[in-house]
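The block underneath contains the structure these notes are about, expressed in C-alpha cells.
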Amino acid sequence: MEKMAVGGADLFHLQAVEGWLGLGNPMEALAELDRISPPLQEHTQVLDARWQVNAALKDWDRALDVARTMLQRAPRDPRGWIHQAYATRRARSGGLQQAWDVLRPAFDHFPEVSVIPYNLACYAAQLGRPEEALEWIHRAMESAGNVAEIKAMALQDEDLRPLWPRIKTL
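Printed below as a string of C-alpha cells:
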C-alpha cells in the first residue's frame, strides 16, 4: 500500500501525462512525468504512467525496467506483472517464451484478472501451442465472466488468428 497519495501539482502533472498520451504525444507526456516531485517518482500510479509513456514510445527496454520496479514496489498489483510480460515480449533481451515465463506465475496470484490468461493464450498461440492457447482463452472467459467480450476481442487479435475458426465456435 502506498503511504503517499499523488495530489496537488503532482496530480496535475500525472493527469497531463494521460492527456498528452490521449493526444498521441508521448514526448510531452514524458516531460510532464519529469515534473512530478522526486518522492513520488516511484509511486505505482507514476510508474504505471511512465510505463505507458515508454510503451507509446516503443522503448521496450525502459518499459521493462519500469515494470520490474512496479513489481518490486507493489507485487500485489497485477499491472506490474502484466506490464513486465508485455515489455519482455518486445524488449531486445526478451521474446515470447520469456514473456510467458514471467506472466505464467501471475495467474496463480491473480486468477480473477482476465487479461492474464488472455495474454497467456496469445503467447501460447504464437509459440505454436494451440490447445494450450484455447485452454487459456477459456480461463480468460471464466475470469471475465463475459464470454462474448473475450470472444470478440480474440477474434480481432492477430496473435490468435490461427485459432479464429475454433474461437468462433466457443
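Letter by letter, the sequence shown follows residues -3 to 166 in this note's numbering. All C-beta atoms, glycine included, are put in the ideal place defined by N, C-alpha and C. All values derive from a computational prediction rather than experimental measurement.
Test item: CB-CB of residue i and residue j under 7 angstroms
| i | j | result |
| --- | --- | --- |
| Q48 | L17 | yes |
| N50 | A59 | yes |
| V2 | H39 | yes |
| A129 | L159 | yes |
| A95 | R88 | no |
| Y119 | L92 | yes |
Pairwise C-alpha distance: residue j and residue i
| i | j | result |
| --- | --- | --- |
| D241 | Q37 | What the structure shows of the chain is the stretch from -3 to 166, and residue 241 is not part of that stretch, so it cannot be assessed. |
| G165 | E108 | First, the amino acid is wrong: residue 165 is Thr here, not Gly. Going by the C-alpha atoms only, they are around 24 angstroms apart. |
| I163 | F103 | 21 angstroms |
| E154 | M137 | 18 angstroms |
| D55 | Q68 | 20 angstroms |
| V42 | V111 | 21 angstroms |
| P35 | E131 | 43 angstroms |
| E28 | P126 | 43 angstroms |
| T65 | R46 | 11 angstroms |
| G4 | I78 | 29 angstroms |
| P101 | P161 | 29 angstroms |
| W15 | D6 | In the sequence under discussion, the amino acid at residue 15 is Gly, which differs from the Trp named in the question. Computed Cα separation, rounded: 14 angstroms. |
| G124 | F8 | 45 angstroms |
| P22 | I146 | 29 angstroms |
| D97 | H105 | 14 angstroms |
| D168 | L26 | This structure leaves residue 168 out entirely; the chain is present only between -3 and 166. |
| L152 | P71 | The amino acid occupying residue 152 in the given sequence is Gln; Leu does not appear at that position. Looking at the two C-alpha atoms, the distance is approximately 31 angstroms. |
| M(-3) | Q80 | Unreliable placement is indicated for M(-3), whose pLDDT of 44 sits below 50; no coordinate value is reported for it. |
| Y82 | G90 | 10 angstroms |
| A117 | A148 | 14 angstroms |
| Q142 | E24 | Per the sequence presented here, residue 142 reads as Asn, with Gln not at that position. Cα to Cα, the separation comes out at about 37 angstroms. |
| D73 | R135 | 20 angstroms |
Whole-angstrom C-beta distance between residue j and residue i, which should lie under 8 angstroms
| i | j | result |
| --- | --- | --- |
| I133 | A150 | 6 angstroms |
| L156 | A121 | 5 angstroms |
| R75 | D44 | 6 angstroms |
| I253 | L10 | Residue 253 lies beyond the stretch modelled for the chain, which goes from -3 to 166, so this question has no answer here. |
Chain D within 7 angstroms of residue i, Cβ atoms only
| i | result |
| --- | --- |
| V2 | No chain D is part of this structure, which consists of one protein chain only. |
Fully enclosed by the segment 14 to 98, which alpha helix (DSSP H) runs are 4 residues long or longer? 22 to 29, 40 to 52, 56 to 69 and 74 to 86
At 4 residues or longer, and completely inside the segment 121 to 158: list those alpha helix (DSSP H) runs for me, N to C. 126 to 140 and 143 to 150
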